[in-house]
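Residue numbers (the numbering used here), protein chains in the order written: chain S, -3 to 379; chain V, 744 to 1439. For glycine and all other residues, C-beta sits at the position ideal for the given N, C-alpha and C. Keep in mind it's a predicted model, so treat the numbers as computed, not measured. Following: one structure in structure tokens, then a few remarks.
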Amino acid sequence: MTPPARMNPPARRSTLAQGGRGRTAAGRWTVKAWLALGLVFVLGGCTKNASQDSLKAHGSIARLQNSLFIPVFWIAVGVFVLIGGLVGVCVIKFRARSDDEAPRQIHGHTKAEIAWTIMPAVLLASIAIPTVKFVFDLNKFPKNAITVNVTGHRWWWQMDYTKADDVNQTDFTTASEMHIPVKQQVIVTLTSVDVIHNFWVPELAGKLYAIPGRHNKLVIEADTPGTYYGQCAEFCGTSHSNMRLRVIADTPEDYAAWVTSQEAPAAQPVAASTSPDTTTTLPGVTPAPSQASLAATGANVFKSAGCAGCHAITGISDGVVGPNLTHFKSRSVFAGAIFQNDDNNLRLWLANPPAQKPGSVMPNLHLTSDQINQLIAYLDTLR
Amino acid sequence: MAIVLEPPPSTTAPDADKHAGTPGGTTFLRRPNSSEGFWSWITTVDHKRLGIMYSATGFAFFLLGGIEALLIRLQLARPNGHILSANQYNQVFTMHGTTMVFLVIMPVSVGFANYLVPLQIGARDVAFPRLNAFSYWLFLFGGIFLYSSFLFGGAPNGGWFGYAPNTSIPGYLPGRGSDFWVFGLLLLGIASTAGAVNIVVTALNMRAPGMTLLKMPIFTWMSLIAQFLTVFAMPVITVALFLVMFDRNFGANFFNPAAGGDPVLWQNLFWLFGHPEVYILILPAMGMVSEVLPVFARKPLFGYPVMVFSGIAIGFMGWGVWIHHMFAVGLGPVAVSAFSVSTMFIAVPTGVKIFNWIGTLWGGSLRLTTPMLFAIGFIVMFTIGGLSGVTHSLSPSDRQQTDTYYVVAHFHYVLFGGSMFGIFGAIYYWFPKAFGRMLNEKLGKVHFWLTFIGFNLTFGPMHILGLQGMPRRIYTYDKSLHLGFWNMVATIGAFIIMVSLLVFIYNIFVVTPKTALVSADPWDARTLEWSIPSPPPEYNFAEIPTVHSLDDYWHRKYTEDDEGRLVRLPNYEAVRASSDTNVATPGQHIHMPSPSYFPIVCSFGLVVAAYGMIMGHTNGANYIVSVVGFLITVGGLYAWGLEPSAEPPEEHGGEGGENAPPQPALLGASGGTMALDAPETAELPPGDTTEGGSES
Chain S
-3 MTPPARMNPP ARRSTLAQGG RGRTAAGRWT VKAWLALGLV FVLGGCTKNA SQDSLKAHGS
57 IARLQNSLFI PVFWIAVGVF VLIGGLVGVC VIKFRARSDD EAPRQIHGHT KAEIAWTIMP
117 AVLLASIAIP TVKFVFDLNK FPKNAITVNV TGHRWWWQMD YTKADDVNQT DFTTASEMHI
177 PVKQQVIVTL TSVDVIHNFW VPELAGKLYA IPGRHNKLVI EADTPGTYYG QCAEFCGTSH
237 SNMRLRVIAD TPEDYAAWVT SQEAPAAQPV AASTSPDTTT TLPGVTPAPS QASLAATGAN
297 VFKSAGCAGC HAITGISDGV VGPNLTHFKS RSVFAGAIFQ NDDNNLRLWL ANPPAQKPGS
357 VMPNLHLTSD QINQLIAYLD TLR
Chain V
744 MAIVLEPPPS TTAPDADKHA GTPGGTTFLR RPNSSEGFWS WITTVDHKRL GIMYSATGFA
804 FFLLGGIEAL LIRLQLARPN GHILSANQYN QVFTMHGTTM VFLVIMPVSV GFANYLVPLQ
864 IGARDVAFPR LNAFSYWLFL FGGIFLYSSF LFGGAPNGGW FGYAPNTSIP GYLPGRGSDF
924 WVFGLLLLGI ASTAGAVNIV VTALNMRAPG MTLLKMPIFT WMSLIAQFLT VFAMPVITVA
984 LFLVMFDRNF GANFFNPAAG GDPVLWQNLF WLFGHPEVYI LILPAMGMVS EVLPVFARKP
1044 LFGYPVMVFS GIAIGFMGWG VWIHHMFAVG LGPVAVSAFS VSTMFIAVPT GVKIFNWIGT
1104 LWGGSLRLTT PMLFAIGFIV MFTIGGLSGV THSLSPSDRQ QTDTYYVVAH FHYVLFGGSM
1164 FGIFGAIYYW FPKAFGRMLN EKLGKVHFWL TFIGFNLTFG PMHILGLQGM PRRIYTYDKS
1224 LHLGFWNMVA TIGAFIIMVS LLVFIYNIFV VTPKTALVSA DPWDARTLEW SIPSPPPEYN
1284 FAEIPTVHSL DDYWHRKYTE DDEGRLVRLP NYEAVRASSD TNVATPGQHI HMPSPSYFPI
1344 VCSFGLVVAA YGMIMGHTNG ANYIVSVVGF LITVGGLYAW GLEPSAEPPE EHGGEGGENA
1404 PPQPALLGAS GGTMALDAPE TAELPPGDTT EGGSES
């Protein structure tokens, strides 16, 4: 990140610009301002690469889209240089030298006007052809591809992986972070349970709406293993900005391992009675309960404090309002991919979700810090 | 009052008379008679006063929208900003967009059309003067109504586009801002539609003798097209808003997918309105620029007929491109292809206009005054906006750019670099006509350059931000996205724009009032409004001019030699000087529409009704407030229909005598229906001094 202080450049060589026209004080000032402007854009070119950059295509779909945008962008730049240049020539060449000039009164020129009607039309027709072709290309979907049903919620994404042999059945469910194998087209089917959301992972593919009551199909593909950032791109309410996601592209082996781990049942809490140390107390010392016993208590808190009403954990609860937590700890982020999944963030989150994420549908359950520690211990077991 | 006959000739009022008195049948209703002071502004039906009021109110809202813009930029200057909370930010960006579209560019454009169209076509007023006042007051009240939401539990926070079901199902958005938004836009829609009808009828029916459509000034033409679009676009958004209103207030389910409704229907309706709306916002500015360029290039507008027809083409094609706002919705490939192609080809008439403007400059004798600088700035900045618009027509790749800051950059280049540059140029150009004084040129140039630099610093980097993955409408972004640098640049640019506006305000309110008055034609201009004194008398034209050519006033001053070069006519100085003395002679009587109380009463009732609807949302008994409001409006309409058409006959000055045709009143005796049987003064013989506008 370039510090903003560097945007006040020493604008000295004012003679470089404007062909020596700026002579008055105002003119010199204008030249300096232009130089400063230019320098800002040069410096901007040196800024660190953005990490959610639509120009950095990392998959076939995004590359196809850029292969249309980038040439047309440069054509547009060319047209702008032409028009801006013509205006500039007019301003310099035809500037009034005296009040008595008598320019020729040209009312129009039919041939010229026909020419500059047809030329842009031809230029536009030439970009219309690949555009239409690409529209249909993007509407082709691979057969037997991995299909993930992605559902938008205010403000997180739910991902239901379908079974390889039957796309109508859910294999396992995760949230905010999805895995895909590299060099393989994956179909994302989009819908929403509440308002309209917009699924966008710029480096993999352009965006597509997730609309309640509709099912939109999008293809994504990644060339290289890595983590790709994404974000909801349609305004969906208070925490629209906090509805992010990650797509992790794995090697085929890693992906297979990940699928196996996600298909596994949830870790079962160890019965609380097996932790004897909770009964013995020494004066002045609160014995540290074992991690296992904390987790077991946490499982009970999960069931009794209200968590289970919204969150599903296979074999324990089947809430559908919040993210499925069966393998919660296997994810690197939570709460709409805005927080790193560590104990500290979880502690802050569980203490008061709406304070961490404005408008959060998950309410403040007024948990005690003991309960929070127990829940964190339990969530730690859900790998 | 079914028919208002022109009164018999009598007294010697040299000026427009408006003496209220005791009319025959309806003695309890009197027309107000003040011509200066507070009440004269409340009751005025003068298109020039209303035009100034429109533009001044629009400018006040521009400052509010600007403050919102600065808050947005402060919040986004750094990653994880804390100036505003999420909900506050959502209110601010919603109100920024709503304000700039509905409360700034539209009404300021309408204000200019109000002021200028009658002057440019040689008319005494608009077709329906009282309806004109009604439009203005409803616009003002509608704007105040929208902003009052900040005091009543939070402003609208669903975006200016208000996508369903976010806005249509109560509970998704905190507060009742969406109710204010729905009713505010409904009120503003009524105001815009009434105003648009007025300008359309005025331009079509009230042109001076000899002014055929292809001799009509280009600004009037572009306003006519824009107002035609308004007439047809407003019903679409009104229907859509009514559906949302029924969804929110009465549990209808037009947009609720759980009950079989379709949220995409909202998007289709909104953008079917929304895209013509874009042209409603830009066409008047194109007209302004097309007036300024020829004057300061001392050449006629290059290809005037093509400029007119390309404007008409844009007006038609503007209805066939709305899906380009919805390329990410997931519509079928045929629909997406068709709208991609139509979007590309709407660039053709736009491109023709740009080349014709350059043709106007080419070979001219350019005086780089402030209006000219803004007009040239318009060409260049609007070209950038148009070209980025072409990249949006590439629907496959637009799936990357849509809903990002690239779009934000695009439409600010169109609406600020285009519409606002045009409007600023128009303010500098027509200010001496409206107020008799020139705005200070030196400060004007400072204003221009600061605006130009600040504008490009603010919105140029947004192209990059959008391509680098910054979605629109986010109140914060994480440091890990590395978007901080360009956001900081944009924020600095926004503050440069703020400084430029302070210079502009200082110029208008501090420097200019102390300068000397200027002549009627300070720019050596082309159109009829410069042939009358500055500021124009209330009746505009002492004698309705007869028009012989396009740019009629110019041709009274100049001709062309054999090579087509500009030559001053011998009476050049005399023509310019006569513009200052172009006033009514003593003894001449000019009948002008009288002021009225009822436009403001009718518009006030509608606003009361809207507040009632919002209060009724929380407690049904409050709907009684709406009933009261509607009764005020209906009562006002009856009074509007029943009040005497003008001052009493015995005081009424004579004018054409038997020459004057009967003036039909536009409200039938039964009241309520407004017939469009406006008198066609354009067909009257020259010099006839019938009233400029009929009663509406």
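Using the C-alpha atoms, what's the distance from residue j back to residue i?
{"i": "Met1069 (chain V)", "j": "Gln1010 (chain V)", "result": "8 Å"}
{"i": "Ile66 (chain S)", "j": "Ser289 (chain S)", "result": "59 Å"}
{"i": "His1395 (chain V)", "j": "Trp964 (chain V)", "result": "Unreliable placement is indicated for His1395 (chain V), whose pLDDT of 42 sits below 50; the coordinate value is still reported in the next sentence. Taking the straight line joining both Cα atoms gives about 35 Å."}
{"i": "Leu387 (chain S)", "j": "Pro899 (chain V)", "result": "Residue 387 (chain S) lies beyond the residue range present for chain S, which begins at -3 and ends at 379; the question has no answer from this structure."}
{"i": "Ser1085 (chain V)", "j": "Gly914 (chain V)", "result": "38 Å"}
{"i": "Ile864 (chain V)", "j": "Glu1286 (chain V)", "result": "13 Å"}
{"i": "Trp70 (chain S)", "j": "Leu862 (chain V)", "result": "45 Å"}
{"i": "His825 (chain V)", "j": "Tyr832 (chain V)", "result": "10 Å"}
{"i": "Gln834 (chain V)", "j": "Gly226 (chain S)", "result": "25 Å"}
{"i": "Ile372 (chain S)", "j": "Asp366 (chain S)", "result": "10 Å"}
{"i": "Leu120 (chain S)", "j": "Phe923 (chain V)", "result": "42 Å"}
{"i": "Phe871 (chain V)", "j": "Leu1271 (chain V)", "result": "21 Å"}
List, in order along the chain, the chain V residues whose C-beta lies closer than 8 Å to that of residue i?
{"i": "Asp49 (chain S)", "result": "Leu1210, Gln1211, Gly1212"}
{"i": "Ile207 (chain S)", "result": "Pro1000, Pro1006, Val1007, Val1072, Gly1073"}
What does residue i touch in chain S if you count any residue whose Cβ is under 8 Å from its own?
{"i": "Tyr1220 (chain V)", "result": "Ser237"}
{"i": "Gln1143 (chain V)", "result": "Ser50, Ala58, Gln61, Asn62, Phe65, Pro198, Gly202, Lys203"}
{"i": "Leu1200 (chain V)", "result": "Leu33, Val36"}
{"i": "Phe1045 (chain V)", "result": "Ile102, His103, Gly104, His105"}
{"i": "Gly1307 (chain V)", "result": "Arg100, Gln101, Ile102"}
Below 7 Å on C-beta distance, what does residue i contact in chain S?
{"i": "Met965 (chain V)", "result": "Correct list: empty, because the minimum Cβ distance to chain S is about 17 Å."}
Given that residue i touches chain V, what residues does it touch there, using C-beta distances under 7 Å?
{"i": "Val184 (chain S)", "result": "Simply none; closest approach about 12 Å."}
{"i": "Val215 (chain S)", "result": "Those within 7 Å of Val215 (chain S) in chain V number zero; the least Cβ separation is about 12 Å."}
{"i": "Thr234 (chain S)", "result": "Ala829, Asn830, Asn833, Pro917"}
{"i": "Pro354 (chain S)", "result": "Ser828, Ala829, Asn830"}
Chain V beta carbons: is any one of them nearer than 9 Å to that of residue i?
{"i": "Arg91 (chain S)", "result": "yes"}
{"i": "Thr147 (chain S)", "result": "no"}
{"i": "Asp133 (chain S)", "result": "yes"}
{"i": "Gly15 (chain S)", "result": "The pLDDT assigned to Gly15 (chain S) is 38, lower than 50, so where the model puts this residue is not dependable, and the model offers no usable value."}
{"i": "Cys86 (chain S)", "result": "yes"}
{"i": "Asp219 (chain S)", "result": "no"}
Contact criterion: CB-CB distance below 9 Å. Does residue i meet it with respect to chain S?
{"i": "Leu1226 (chain V)", "result": "yes"}
{"i": "Lys1042 (chain V)", "result": "yes"}
{"i": "Gly1203 (chain V)", "result": "yes"}
{"i": "Tyr1172 (chain V)", "result": "no"}
{"i": "Pro960 (chain V)", "result": "no"}
{"i": "Ala1090 (chain V)", "result": "yes"}
{"i": "Leu1130 (chain V)", "result": "yes"}
{"i": "Trp1192 (chain V)", "result": "yes"}
Give me the chain S residues within the contact set of residue i, using Cβ-Cβ distance strictly less than 9 Å, ordered along the chain.
{"i": "Val1049 (chain V)", "result": "Gly104, Thr106, Glu109, Thr113"}
Quiz item: Is the segment 905 to 925 of chain V in contact with the segment 1325 to 1342 of chain V, if contact means three or more CB pairs nearer than 8 Å?
Solution: No contact exists between the segment 905 to 925 of chain V and the segment 1325 to 1342 of chain V.
Exercise. Could you name each continuous alpha helix (DSSP H) segment of 4 residues or more that falls completely within the segment 1091 to 1143 of chain V, going from the start of the chain to the end?
Key: 1113 to 1135
Quiz item: Mind pulling the beta strand (DSSP E) runs of 3 or more residues that sit fully within the segment 794 to 822 of chain V?
Solution: Qualifying beta strand (DSSP E) stretches: none in this window.
Exercise. Run through the segment 926 to 963 of chain V for me and flag every whole beta strand (DSSP E) of 3 or more residues, listed as ranges in chain order.
Key: none
Self-check item: Inter-stretch contact at 8 Å, needing at least 3 Cβ pairs: the segment 1161 to 1172 of chain V / the segment 1025 to 1036 of chain V
Solution: yes
Quiz item: Which residue spans inside the segment 1258 to 1316 of chain V form an unbroken alpha helix (DSSP H) run of at least 4?
Solution: 1295 to 1300
Exercise. Count the C-beta pairs between the segment 1276 to 1283 of chain V and the segment 1205 to 1215 of chain V that are closer than 8 Å, then say yes if the count reaches three, no if not.
Key: no
Quiz item: Counting Cβ pairs, one atom from each stretch, are 3 or more of them under 8 Å apart for the segment 290 to 307 of chain S and the segment 132 to 147 of chain S?
Solution: no
Quiz item: Okay, do the segment 868 to 885 of chain V and the segment 920 to 933 of chain V touch, 3+ Cβ pairs below 8 Å being the bar?
Solution: yes
Practice problem: Answer yes if the segment 1231 to 1250 of chain V comes into contact with the segment 812 to 824 of chain V, meaning at least three C-beta pairs across the two stretches below 8 Å, and no otherwise. | Solution: yes
Quiz item: How do the segment 237 to 245 of chain S and the segment 89 to 105 of chain S stand: do at least 3 beta-carbon pairs fall below 8 Å, yes or no?
Solution: Not touching, per the Cβ criterion.
Quiz item: Should the segment 1184 to 1197 of chain V be regarded as contacting the segment 1149 to 1157 of chain V, the criterion being three or more beta carbon pairs within less than 8 Å?
Solution: no
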